[in-house]
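Take a look at the structure below.
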Amino acid sequence: MRGSLRPRPGFPFPGENGSFRAALPLGGPFDLAYAFRLIRHFDAADRARLYAEMARVLAPGRLLVFDAVNRAVGAPLRAQAAPDEYPIHDALFDAGELARELDAAGFDLVALSPAHRRYALLYQLQVLVAPRSRGLARV
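Written as structure tokens, this is what we have:
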């Protein structure tokens, strides 16, 4: 899933201590924030802080574009994977869960669209020639 969002004007930043603001001293306002393969690696509390900082630096009515892992696709693959195949946390969502999380963060969901339309085929190709390969890609 890929989400496109608009922040609600005036949604508050949750706090300054230990915030992403210190790590990402961005000015803004920006018309677009893009995060691919980033937000999904954080737990719910840290995602909320990331969303808040992105909303802070985005101009009113502008977009946040990012990817999320669809639970219907990701969960079965993880269930049949080797224990060490997914060493990094990936949050899994269905459309409703993602919409609720974004609403709580002050974003209005504009659109959801697949980032990979044939993920099962992509996964098989990765097993053959890419990072999930036990041989060819690791020669």
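Counted the way the working numbering counts, the sequence shown spans residues -12 to 126. All residues carry an ideal CB built from backbone N, CA and C; glycine is no exception.
Considering only the alpha carbon of each residue, which of A66, R43, D81 lies closest to G93?
Among A66, R43, D81, the Cα nearest to that of G93 is on R43.
Counting only runs that start and end within the stretch 36 to 122, where is the beta strand (DSSP E) found for 3 or more residues in a row?
Counting only runs of 3 or more, we get 45 to 54, 94 to 100.
Per DSSP, what kind of secondary structure is D30 in: helix, strand or coil?
In this structure, D30 counts as coil in the three-state DSSP scheme.
If you draw a straight line from the C-alpha of E40 to the C-alpha of A107, how long is it?
Roughly 34 Å between the two C-alpha positions.
Between R36, L64, D95, which lies nearest to D77 when the distance is taken from Cα to Cα?
Comparing C-alpha distances from D77 to each of R36, L64, D95 shows the shortest one belongs to L64.
In three-state DSSP terms, what is F23?
Reduced to three states, the DSSP call for F23 is coil.
Is the separation between the beta-carbon of V52 and that of L19 shorter than 8 Å?
Cβ atoms of V52 and L19: closer than 8 Å.
Going by C-alpha to C-alpha distance, which of V56, F17, A46, Y21 sits closest to P101?
Of the listed residues, the one whose Cα sits closest to P101 is V56.
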